[in-house]
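Undergrad:
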Amino acid sequence: MSERMIQTDVLVIGGGMAGCFAAIKAREKGVSVTLVDKGYTGKSGQTPFAGTFAVFNPEWGHHLNEWMAQVNTVGEYVNHREWTEIGFLDSYDRYHDLQSWGVAFEAEPPPGAGPPGSAGPPRPRLGPCQAQHLGWRKHAEILR
């Protein structure tokens, strides 16, 4: 196997939701970014199983204690509750990040949509063509 050196300012390992956000946010700061993933970016790990992007917004009638109770109960209290809360409180800003990057959602969240697992969280639709339009390449292309 031949080796190829790639110079980069930031190396992100993992193309799940967190890895993609880290790579995009770093790139927005003007640095060169390389993201490596074992599969297709945004389609491996837990990302394809999520199916929704839970957006917490009190202005839509959401109540943090209800959302936290739902996740804590379903997760059998194994989740890190402080990180869960941070994720919910930051989710509305991330939702707007995704929209500003051109990610289409199947529907706007209806007012009063309940905690995750209930009807209503918006569903992002980012296919390989849209990912390429945003400048993402499959790791196989980068390794060539």
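In terms of my numbering, the sequence shown is residues 193 to 336.
Positions of the beta carbon are idealized from the N, C-alpha and C atoms, including for glycine.
Keep in mind that this is a model prediction, so the values were computed, not measured.
#1: Look at the alpha carbon of ILE205 and the alpha carbon of GLY211, and state the distance between them as a whole number of angstroms.
#2: Does VAL266 come out as helix, strand or coil in the three-state DSSP assignment?
#3: Any idea which residues DSSP pairs VAL204 with across the strands?
#4: Of the choices LYS217, GLU220, GLY208, ASN271, whose alpha-carbon is the least far from that of LYS230?
#5: Among residues of its own chain, excluding the 5 on either side of TYR284, which ones have a beta-carbon nearer than 8 Å to its beta-carbon?
#6: Pick out whichever of LEU290, ALA296, VAL228 has its Cα sitting closest to the Cα of LYS217.
#7: Alpha carbon to alpha carbon, how far is VAL295 from GLN280? Give it in angstroms, no decimals.
#8: Leaving out five residues on either side along the sequence, give the residues of the same chain with a beta carbon under 6 Å from the beta carbon of VAL225.
#9: Please tell me whether, using a cut-off of 7 Å, the distance from the CB of VAL247 to the nearest non-hydrogen atom of the ligand PLP is below it.
TA: Well, looking at it:
#1: When rounded, the distance between both Cα atoms is 7 Å.
#2: VAL266 carries a helical assignment under DSSP once its states are collapsed to helix, strand and coil.
#3: Paired residue(s): LEU227.
#4: The residue with the shortest Cα to Cα distance from LYS230 is GLY208.
#5: Once the five neighbours on either side are set aside, the close Cβ partners of TYR284 are VAL247, PHE248, ASN249.
#6: Minimum Cα-Cα distance from LYS217 among the listed residues LEU290, ALA296, VAL228 corresponds to LEU290.
#7: Note on residue identity: the sequence assigns Phe, not Gln, to residue 280. Approximately 19 Å between the Cα atoms of the pair.
#8: If we look at VAL225 and ignore the five residues flanking it on each side, its Cβ neighbours are VAL202, ALA215, ALA218, ARG219.
#9: The ligand PLP is not among the ligands present in this structure, which contains no ligands whatsoever.
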